[in-house]
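A.B. asks:
Numbering (my numbering), first residue to last: 2 to 87.
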């Protein structure tokens, strides 16, 4: 399940950045769906795995932190490349 969590988080990031840079709401909806899957997997891991409470909390907090990574990264890249011609 951890591999699926990481894949869903990666898909969330990729689709978010593509959706924002191309102004496509369908990609943004797909991105949000991937993030919802990542959160669901994190909750399932926390409930159904034999991990200790510390690891379960780390997984849950990490899944919540996934929400902020793509917007911050995209803002940073946009600021870095302001004024450059395509």
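Built from N, CA and C at the ideal position, the CB exists for glycine as well.
If you're wondering where the values come from, they're calculated on a predicted model, not measured in any experiment.
When the Cα atoms are used, what is the spatial distance from residue 55 to residue 25?
C.D. replies: For residue 55 and residue 25, the distance between alpha carbons rounds to 39 Å.
A.B. asks: Taking just the CA atoms, how far does residue 33 sit from residue 59?
C.D. replies: So the alpha carbons of these two residues sit roughly 22 Å apart.
A.B. asks: Roughly how many angstroms separate the alpha carbons of residue 69 and residue 40, rounded to a whole number?
C.D. replies: Straight-line Cα distance between these residues: approximately 13 Å.
A.B. asks: For residue 6 versus residue 42, is the C-beta distance shorter than 9 Å?
C.D. replies: In contact: residue 6 and residue 42 (Cβ atoms closer than 9 Å).
A.B. asks: With a CB to CB cut of under 7 Å and the five nearest residues on each side skipped, what residues in its chain are close to residue 38?
C.D. replies: Closer than 7 Å at Cβ, skipping near neighbours: 9.
A.B. asks: Are residue 31 and residue 2 closer than 9 Å when you measure CB to CB?
C.D. replies: In this structure, residue 2 does not lie closer than 9 Å to residue 31 by Cβ.
A.B. asks: What is the DSSP secondary structure of residue 29, counted as helix, strand or coil?
C.D. replies: Residue state, collapsed to three classes: helix.
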